[in-house]
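In my numbering, the protein residues as written are 24 to 167.
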């Protein structure tokens, strides 16, 4: 009985720490304002000899926003089923971003010709699951 009580107490402490960690406020992103452009001082001139065309000045590009956030800026995930034969053309067209299913090695020249990034992976996974706990048949149910 003491062990069950101890495990319950440890479980409650873990749950409480997870809830408290999730309730922490997120820090506000750090935004750096670009420095104001220095004014251009023109020297007074006597009289212009010919009209001078104004040269357009480029506005300075604002500095990127810096933040302490980690990870991707993910808003939405769309999962779609794509045929193996059309995956390369759909990636090139921008219809999909990634194709996570395996492709055969004969598609490698087409992938390289398209200039796509790829990763090689070896291995297979097969599973055969047995239900060791049931179903339990009574002897009279087996007789038809």
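Beta carbons: idealized from backbone N, C-alpha and C, even for Gly.
As the structure is a computational prediction, the values presented were derived from the model and not from experiment.
By the neighbour-count criterion, in which 16 or more other beta carbons inside 10 Å mark a residue as buried, residue 137 falls on the exposed side. Counting along the chain, residue 112 sits inside the alpha helix (DSSP H) bounded by residues 110-116. DSSP places residue 30 in the uninterrupted alpha helix (DSSP H) bounded by 25-45.
Taking residue 36 as the centre and dropping the five residues before and after it, the same chain places no C-beta closer than 8 Å to its C-beta. Residue 105 sits close to residue 113, with the two beta carbons spaced by under 8 Å.
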